[in-house]
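Everything on this sheet refers to the single structure shown next.
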Amino acid sequence: MIIVITGLPGAGKTTTINEVLKRLDGKIEIISFGTEMMKIVQDRYGIQHRDEIRKKLTPQQIEEVQIEVAKRIHEYANSTSKLILVDTHAAIKTEFGYIPGIHDGMLRNMKISAFVYITTKYEEIMLRRVRDATRYRDEEDKVEISLHNEMNLAVLSSCSIQTGAPVKIIVNRDGELEKAVNELENYILKWMEQK
Ligand code: ATP
Ligand code: AMP
Ligand code: MG
Numbered sequence: 092m093i094i095v096i097t098g099l100p101g102a103g104k105t106t107t108i109n110e111v112l113k114r115l116d117g118k119i120e121i122i123s124f125g126t127e128m129m130k131i132v133q134d135r136y137g138i139q140h141r142d143e144i145r146k147k148l149t150p151q152q153i154e155e156v157q158i159e160v161a162k163r164i165h166e167y168a169n170s171t172s173k174l175i176l177v178d179t180h181a182a183i184k185t186e187f188g189y190i191p192g193i194h195d196g197m198l199r200n201m202k203i204s205a206f207v208y209i210t211t212k213y214e215e216i217m218l219r220r221v222r223d224a225t226r227y228r229d230e231e232d233k234v235e236i237s238l239h240n241e242m243n244l245a246v247l248s249s250c251s252i253q254t255g256a257p258v259k260i261i262v263n264r265d266g267e268l269e270k271a272v273n274e275l276e277n278y279i280l281k282w283m284e285q286k
C-alpha cells in the first residue's frame, strides 16, 4: 500500500514522516522520491545536490526520471507487506513553470491509496526555509508561496479525481510538531486496518 505525502518546500514533510517512522518502525517504510531521483540523475546528468534537480533538468528529463522512479516504487510496494510512505511534492517550481510531481504517467505505474498534504501558515514556511541551512530552498514571499500552494492543491485535486484516492490535509504549526505526527500516525493506522 502506498500513501503519498506532499507539501510546500519547508512545510515539514520529512520531519513529520521521520517522527512517525520512529513510532511505527517495522510496519512502514519511507521512500524519498527526491533521493530516488538523485540516484539516477547524479550519474546521468551530473546533478550534485537535491535542490539542483528542478533547476538543471528540463521538464522532459524530469518526466523520464519520475516514471522510472514510480515503476521502482510500484515494484517495491508489491514485494513488501509494509505500508510505503512516499515523501514527495505535488507541484514543483521550475524555470519552465510548475510541473506536476504526480501525473498520469506515474499514476498508471504506481497504485496510490491516499494523498496527504502537510501545510501551515505561509509566514512559518518562509522562516523555516531561511533557518534550515541544510537546504537551498527558494526565498519566496507570501504571494509566491500562496500561488505554489494553489498549484499543489490543483495537482492533488486532479490526482484524487483520477484515482478516487482521498486527500488528507494535516496542519503542521510551529511548535506543534507532535500534533501533526499524531495525526499522520493515526491516519496511517486507519489505512493499516483496511489491509
Ligand atoms: P522539502 O520539501 O524542501 O524537503 P520538507 O517539507 O521536508 O521540505 P522539513 O525538512 O521536514 O520540510 O522541515 C523544514 C524545516 O522546518 C526544518 O528545519 C524543520 O526542523 C522545521 N520544522 C518542521 N516542522 C516544524 C514545526 N512543527 N515547528 C517548527 N519547525 C518545524
Ligand atoms: P525533497 O527533498 O523532497 O525536496 O526532494 C528534492 C527534490 O527532488 C525536489 O526539490 C524536486 O526537485 C525533486 N522531486 C521530489 N519529488 C519529485 C517528484 N514527484 N517529481 C519531480 N521531482 C521531484
Ligand atoms: Mg523534505
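Counting in the working numbering, the sequence shown runs from 92 upward without gaps.
Don't be surprised by glycine CBs; every beta carbon is placed ideally from N, CA and C.
Here the structure is a predicted model, which is why all the values come from computation and not from measurement.
Annotation for T105 indicates a beta carbon within 6 Å of some heavy atom of ligand 3. Collapsing the DSSP output to three states places P257 in coil.
In the displayed model, P100 falls within coil according to three-state DSSP, outside both helix and strand.
Sixteen is the threshold: when 16 or more other Cβ atoms of the shown chains lie within 10 Å of the Cβ of P100, as they do, the residue is buried.
Cα atoms of N243 and G98: separation of roughly 7 Å, rounded to the nearest angstrom. Note on the region 126-204: whole beta strand (DSSP E) runs with a minimum of 3 residues are 174-178, 182-185, 188-191, in chain order. In this structure, ligand 1 has no non-hydrogen atom nearer than 6 Å to the beta-carbon of P191. In this structure, DSSP gives E230 a state outside helix and strand, which the three-state scheme calls coil.
Shortest gap from the CB of I153 to any heavy atom of ligand 2: under 6 Å.
E267 sits in coil when the DSSP states are folded into three classes, being neither helix nor strand. Shortest Cα-Cα distance from L268 to any of I96, M92, I108 involves I108. Of the residues assessed, H239 falls on the buried side of the cut-off, its CB having 16 or more other CB atoms within 10 angstroms. Between the region 161-174 and the region 211-219, the count of C-beta pairs closer than 8 Å stays below three; the two stretches do not touch.
Between the region 175-192 and the region 121-140 there are three or more C-beta pairs closer than 8 Å, enough to call the two in contact. Using a Cβ distance threshold of 7 Å, T185 and R145 count as a contacting pair.
Ligand 2 has a heavy atom closer than 6 Å to the beta-carbon of M128. Proximity to K259 across M201, F206, L112, K173 peaks at F206, based on C-alpha coordinates. With distances taken between CA atoms, G192 lies nearest to E155 out of K212, E155, A168, L174. Straight through space, the alpha carbons of A271 and D142 are spaced by roughly 25 Å.
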